[in-house]
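One structure is given below, encoded as C-alpha cells.
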Amino acid sequence: MRRINNLVASALVGAAGLSSAHAADPRYPIAYVQTVKITLPSHRSAWENKDFLDCDDVVLTEEDVRYALRRMRRVLWRGYDPEKVDTTGCEGEAFVTFKNGRILAMGIEPTGRIATAEYDAKMKVVAGSSSFYECHPCRDRKMTLLKDALNRADERRLKKLVAEGRLSASEAEFRLKRVRDERDKP
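Have a look at this one:
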C-alpha cells in the first residue's frame, strides 16, 4: 500500500511539474495588463517569403497579443533563430503596459515566434530582458485565420511554376485543390 501511495504521489508531482512547464511566462500575467498598443500591425523583414505568405495579408490585433501572453513559452535563441526555424518574414509589433509601469515590446510572427524586450516606465531597457518565445496555439489560431491568404500564396506559387513551364495547368489545379482540401480538414 505504501508503494502505491508513493507511486501516486510521484505521478501527481510529475503532473504538476509538467503543467507548470507549459504555463505562460509568469513575469507577464494577463491580469496585470493595463494597455495594449499595436505599434506596427504588419511589417515585412528580409525573411519574407511571398510563396508562403504575403505580409500584407497579416495584421496583428490586440486580441492576438493577449492570446500570446496567455500561451507563450520561453525558448533559447537556437529555438528561435530564423536561419534554423520556419519563419514567414512577417511580424507585427506591440507595446504592452502593465499596472506596475513596466512595458513589454513584442514582435509577433503569425508562426507563433515572439521576440520581446522589457522597458521601465521611462522607456529604458531593463538589462537582460530580451527573450524569445514560441506559441504553438498562436500559430494554429493565426494560420487558421489566414487560410485565405495561404490559399492565395499557393495559387501564386503554382501560377509561377506553370508560367515557367515546370508544371502543367491541370497538375497545378490538382495540387491547389489537394492543398486546399488538406487545409480545410478539421
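Per the working numbering, residue 1 is the first one in the sequence shown, and the count goes up by one each step. Glycine included, every Cβ here is placed at the ideal spot set by N, Cα and C.
Can you give the beta carbon distance from K147 to R183, rounded, assuming they're within the 8 Å contact cut?
Working through the sequence shown from its first residue, we reach residue 147 at position 147. Working through the sequence shown from its first residue, we reach residue 183 at position 183. Their Cβ separation, rounded to whole angstroms, is 6 Å, which keeps K147 and R183 in contact under 8 Å.
Please report the straight-line C-alpha distance between D57 and A153, rounded to a whole angstrom.
Walking along the sequence shown from the start, residue 57 turns up at place 57. Walking along the sequence shown from the start, residue 153 turns up at place 153. If you take the alpha carbons of D57 and A153, they lie about 10 Å apart.
So the candidates are E155, D181, V162 and Y133; which of them puts its Cα closest to the Cα of D81?
For this step, residue 81 is matched to residue 81 along the sequence shown. Checked all of E155, D181, V162 and Y133; the closest Cα to D81 is Y133.
Can you list, in chain order, the residues of its chain whose CB lies under 8 Å from that of D120, leaving out five sequence neighbours each side?
Counted from its first residue, the sequence shown places residue 120 at position 120. Here the set comprises G101, R102, I103 and V126.
Are the Cβ atoms of A24 and R70 separated by less than 8 Å?
In the sequence shown, counting from the first residue as 1, residue 24 sits at position 24. In the sequence shown, counting from the first residue as 1, residue 70 sits at position 70. It is a contact, given that the beta carbons lie within the stated cut-off.
What number of angstroms, rounded off, separates the C-alpha of A105 from the C-alpha of A31?
Numbered from its first residue, the sequence shown carries residue 105 at position 105. Numbered from its first residue, the sequence shown carries residue 31 at position 31. C-alpha separation (whole angstroms): 17 Å.
How far does the beta strand (DSSP E) with R166 in it extend, from its first residue to its last?
On the sequence shown, position 166 is the one that residue 166 refers to. Here R166 belongs to no beta strand (DSSP E), and DSSP marks it neither H nor E.
Take P41 and list the residues in its own chain whose beta-carbon comes closer than 7 Å to its own, dropping the five residues that flank it on each side.
Translated into the one-based positions of the sequence shown, residue 41 becomes position 41. Only V59, L60 and G92 meet the Cβ criterion.
With a cut-off of 8 Å on the beta carbons, I'd call A46 and G89 a contact; round off their distance for me.
Locating residue 46 in the sequence shown gives position 46, where the first residue counts as 1. Locating residue 89 in the sequence shown gives position 89, where the first residue counts as 1. That pair is a contact at about 7 Å.
Rank E48, A94 and T116 by C-alpha distance to the C-alpha of E62 and give the top, closest one.
Along the sequence shown, read from residue 1 onward, the residue named residue 62 stands at position 62. The shortest Cα separation from E62 among E48, A94 and T116 belongs to A94.
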